[in-house]
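Colleague: In my numbering, the protein residues as written are -10 to 402. Here a beta-carbon is modelled for each residue, glycine too, at the ideal position from N, C-alpha and C. Fair warning: this is a prediction, and the values are worked out from it, not measured in the lab. This is the structure, below, for whatever I ask next.
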Amino acid sequence: MQDRASFINGIRDVFLQEDVLCALSRMAVEETGMGNYEDKLIKNRVAALKTPGIEDLTTSAVSGDGGLTLIEYSAFGVIGSITPTTNPTETIINNSIGMLAAGNTVVFSPHPRSRKVSLYAVELINNKLAQLGAPANMVVTVTKPSIDNTNVLINDPRINMLVATGGPAIVKTVMSSGKKAIGAGAGNPPAVVDETADIEKAARDIIKGCSFDNNLPCVAEKEVIVVNQVADYLIHCMKKSGAYLLCDKKLSQQLQSLVLNEKGTGPNTAFVGKDARYILQQLGIQVGDDIKVILIEAEKTHPFVVHELMMPVLPVVRVDNVDEAIELAVKVEHGNRHTAVMHSTNVEKLTKMARLIQTTIFVKNGPSYAGLGVGGEGHATFTIAGPTGEGLTSARSFARRRRCVMVEALNIR
């Protein structure tokens, strides 16, 4: 265990070097064309700082007249980890620390659009592990990422466990592999605001969360559902906090045609992770760098409401009361069990929403990214396993629970 701790501390040290953080964050933006440099710095730093190591692997014991039983966490073996283009290096840092802490080795299959920066992150890890005298090839990667090579990884008999951080298709693939699988899939996080909320703070938090890395994190606010009584003031405050309200119906329709795919069933990938200013420029609207989010008032069934866009375009839906807001939030979250946000001081309604929506992360009165450990308590992860139930993964998620039993002995009570 001490070797593992040494290796993990070494990895943390590498990625907490300011020049490395800056290089990784800049490379990710340049290669993928998504997100923004400043927020990727935050994400990479929190992955290195707040991913649990061996301290997550607690031993438990049961003793009685029958003897002593120890329950400990043990390695799975070789893990195949499929990483996304939205959080490429963050996921590699996070998974490497957690998986090595549990005693595994890992083979990464990065998204083809983030190949260079992903390979660079793995190279940095391996160089540090070699300096520390670690066995060779504890962390390796597919050098030419593709669907075919990912399928080879999935079906390789030497892979004991699969972890997929990405969209529904890849999660479904690993879950049907016949191997132990952790699937971290898509979300469509609603943010509910009721009449008891601190509206000014709610507005600031929603804009901060929605604009974080240009809305790439699956935890980020994707739609706002607000009680009509406070809707006008919330929109006013969001505009003061860096939002641009698109009021013109013709422009709203142009925006819809621009950022949705041809079928209108999801995002146009050319605009995923782009900043609000760039998207508005395509509509002939010039704004300053202070504009972080595009607001549009929408009906409950609007495609911006029901489909995850992963860009700073935020639909606002008015409802008559908080119960209607909660009901709609549950509906548009689609049972992903990912993330939801609520701004309210009504404990009864906060509790009601938490119980009904059943998300892995439920943030009360804060920006969504607080659920990742950014400005909130708790460990960090970039593999949030709603579909398979592990939740916010950590070292213990990548380990087997094993029982060691000594019969009629070692009980000293």
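Could you check what DSSP says for M299 in three-state terms: helix, strand or coil?
Modeller: In the sequence shown, residue 299 corresponds to position 310, counting from 1. If DSSP states are grouped into helix, strand and coil, M299 belongs with coil.
Colleague: Along the beta strand (DSSP E) that carries M150, what are the first and last residues, could you check?
Modeller: For the purposes of this step, residue 150 is taken as the residue at position 161 of the sequence shown. From DSSP, the beta strand (DSSP E) with M150 extends over M150 to T154.
Colleague: For T94, list the residues DSSP reports as bridge partners.
Modeller: For the purposes of this step, residue 94 is taken as residue 105 along the sequence shown, with counting starting at 1. Partner(s): V67.
Colleague: Roughly how many angstroms separate the alpha carbons of G362 and K239, rounded to a whole number?
Modeller: Counting from 1 along the sequence shown, the entry for residue 362 is found at position 373. Counting from 1 along the sequence shown, the entry for residue 239 is found at position 250. Taking the straight line from one Cα to the other gives about 40 Å.
Colleague: Can you tell me which residues form a DSSP beta bridge with P304?
Modeller: The sequence position of residue 304 within the sequence shown is 315, counting from 1. Looking at the DSSP assignment, P304 forms a beta bridge with I285.
Colleague: Tell me which same chain residues have a C-beta within less than 7 Å of the C-beta of T348, skipping the five on either side of it?
Modeller: One-based indexing of the sequence shown puts residue 348 at position 359. Answer for T348: E322, R326, H327, T328 and A329, listed in chain order.
Colleague: Thinking N83 and A36 are a contact (beta carbons under 8 Å), I'd like their distance in whole angstroms, please.
Modeller: Locating residue 83 in the sequence shown gives position 94, where the first residue counts as 1. Locating residue 36 in the sequence shown gives position 47, where the first residue counts as 1. Yes, they are in contact, since the Cβ atoms of N83 and A36 sit about 5 Å apart, within 8 Å.
Colleague: In whole angstroms, what is the alpha-carbon distance linking N138 and N33?
Modeller: Walking along the sequence shown from the start, residue 138 turns up at place 149. Walking along the sequence shown from the start, residue 33 turns up at place 44. If you take the alpha carbons of N138 and N33, they lie about 26 Å apart.
Colleague: Could you check what DSSP says for H225 in three-state terms: helix, strand or coil?
Modeller: In the sequence shown, residue 225 corresponds to position 236, counting from 1. In the structure shown, H225 sits in a helix (DSSP, three-state: H, G or I).
Colleague: If you follow the beta strand (DSSP E) that A36 is in, where does it begin and where does it stop?
Modeller: Taking the sequence shown and counting its residues from 1, the one referred to as residue 36 is at position 47. Where A36 is concerned, there is no enclosing beta strand (DSSP E), although the alpha helix (DSSP H) it sits in stretches over Y26 to K39.
Colleague: Where do the ends of the alpha helix (DSSP H) carrying K117 lie?
Modeller: For the purposes of this step, residue 117 is taken as the residue at position 128 of the sequence shown. Looking at the DSSP string, the run of the alpha helix (DSSP H) that includes K117 is R104 to Q120.
Colleague: Going by C-alpha to C-alpha distance, which of A343, C11, E20 and V96 sits closest to R147?
Modeller: Working through the sequence shown from its first residue, we reach residue 147 at position 158. Of the candidates A343, C11, E20 and V96, the one whose C-alpha sits nearest the C-alpha of R147 is V96.
Colleague: Which residues in the same chain have their Cβ closer than 7 Å to the Cβ of E397, if we skip the five residues on either side of it in sequence?
Modeller: Indexing the sequence shown from 1 puts residue 397 at position 408. Here the set comprises G55 and G56.
Colleague: For the candidate residues A91, G367, T40 and N354, whose alpha-carbon lies nearest to that of T48?
Modeller: For the purposes of this step, residue 48 is taken as the residue at position 59 of the sequence shown. Taking only the C-alpha atoms, the option nearest T48 is A91.
Colleague: Would you mind giving the Cβ-Cβ distance between R307 and V215, rounded to the nearest angstrom? I have them listed as a contact below 8 Å.
Modeller: Taking the first residue of the sequence shown as position 1, residue 307 is located at position 318. Taking the first residue of the sequence shown as position 1, residue 215 is located at position 226. Their Cβ separation, rounded to whole angstroms, is 6 Å, which keeps R307 and V215 in contact under 8 Å.
Colleague: For the beta strand (DSSP E) containing A186, list its first residue and its last residue.
Modeller: For the purposes of this step, residue 186 is identified with residue 197 of the sequence shown, where counting begins at 1. First-last for A186: undefined, no H or E at that position.
Colleague: Compute the distance between the beta-carbons of T130 and F371, then report whether it is under 7 Å.
Modeller: For the purposes of this step, residue 130 is taken as the residue at position 141 of the sequence shown. For the purposes of this step, residue 371 is taken as the residue at position 382 of the sequence shown. No, Cβ-Cβ distance for T130 and F371 is not below 7 Å.
Colleague: Inspect the beta-carbon positions of P134 and P157 and report whether they are closer than 7 Å.
Modeller: Reading the sequence shown from its first residue, position 145 is the one you call residue 134. Reading the sequence shown from its first residue, position 168 is the one you call residue 157. No.
Colleague: When burial is assigned at 16 or more other CB atoms within 10 Å of the CB, is D279 buried or exposed?
Modeller: By one-based count along the sequence shown, residue 279 stands at place 290. Flag for D279 reads exposed.
Colleague: Could you check whether the segment 351 to 359 touches the segment 5 to 21, counting it as contact only if at least three pairs of C-beta atoms, one from each stretch, sit closer than 8 Å?
Modeller: The answer is no - the segment 5 to 21 does not touch the segment 351 to 359, with fewer than three Cβ pairs under 8 Å.
Colleague: Figure out for me which residue from E184, V152, E20 and L121 has the closest Cα to the Cα of S103.
Modeller: For the purposes of this step, residue 103 is taken as residue 114 along the sequence shown, with counting starting at 1. Residue E20 is the option with its Cα nearest to S103.
Colleague: Please tell me whether P304 and H291 are closer than 7 Å, where the distance is taken between their beta carbons.
Modeller: The residue given as residue 304 occupies position 315 in the sequence shown. The residue given as residue 291 occupies position 302 in the sequence shown. For P304 and H291, yes; Cβs fall inside 7 Å.
Colleague: Please report how far the alpha carbon of N400 lies from the alpha carbon of R392, in whole angstroms.
Modeller: Taking the sequence shown and counting its residues from 1, the one referred to as residue 400 is at position 411. Taking the sequence shown and counting its residues from 1, the one referred to as residue 392 is at position 403. Between N400 and R392, the C-alpha separation is close to 16 Å.
Colleague: Kindly indicate which residue of I188, T58, M299 and G355 has the alpha-carbon position closest to the one of K197.
Modeller: For the purposes of this step, residue 197 is identified with residue 208 of the sequence shown, where counting begins at 1. Selected option, being the one with the closest Cα: G355.
Colleague: How many Å lie between G53 and I60 at the Cα?
Modeller: The residue given as residue 53 occupies position 64 in the sequence shown. The residue given as residue 60 occupies position 71 in the sequence shown. About 15 Å.
Colleague: Quick check: the segment 171 to 187 against the segment 267 to 287, are there 3 or more CB pairs under 8 Å?
Modeller: Verdict: no, contact absent.
Colleague: In or out: L5 buried (at least 16 other Cβ within 10 Å) or exposed?
Modeller: Taking the first residue of the sequence shown as position 1, residue 5 is located at position 16. That one is exposed.
Colleague: Bridge partners for V51 per DSSP, in chain order?
Modeller: Mapped onto the sequence shown, residue 51 falls at position 62. In DSSP, V51 forms a bridge with T58.
Colleague: Buried or exposed for M331, please, with buried defined as at least 16 other CB atoms from any protein chain shown within 10 angstroms of its CB.
Modeller: Translated into the one-based positions of the sequence shown, residue 331 becomes position 342. M331 comes out buried.
Colleague: DSSP three-state label for I159, please.
Modeller: Position 170 of the sequence shown, counted from the start, is the residue given in the question as residue 159. Residue state, collapsed to three classes: helix.
Colleague: State the beta-bridge partners of H323 as determined by DSSP.
Modeller: On the sequence shown, position 334 is the one that residue 323 refers to. Its beta-bridge partners do not exist; DSSP assigns none.
Colleague: Roughly how many whole angstroms lie between the Cα atoms of I224 and G255?
Modeller: Here residue 224 refers to the residue found at position 235 of the sequence shown. Here residue 255 refers to the residue found at position 266 of the sequence shown. Cα-Cα distance, rounded: 25 Å.
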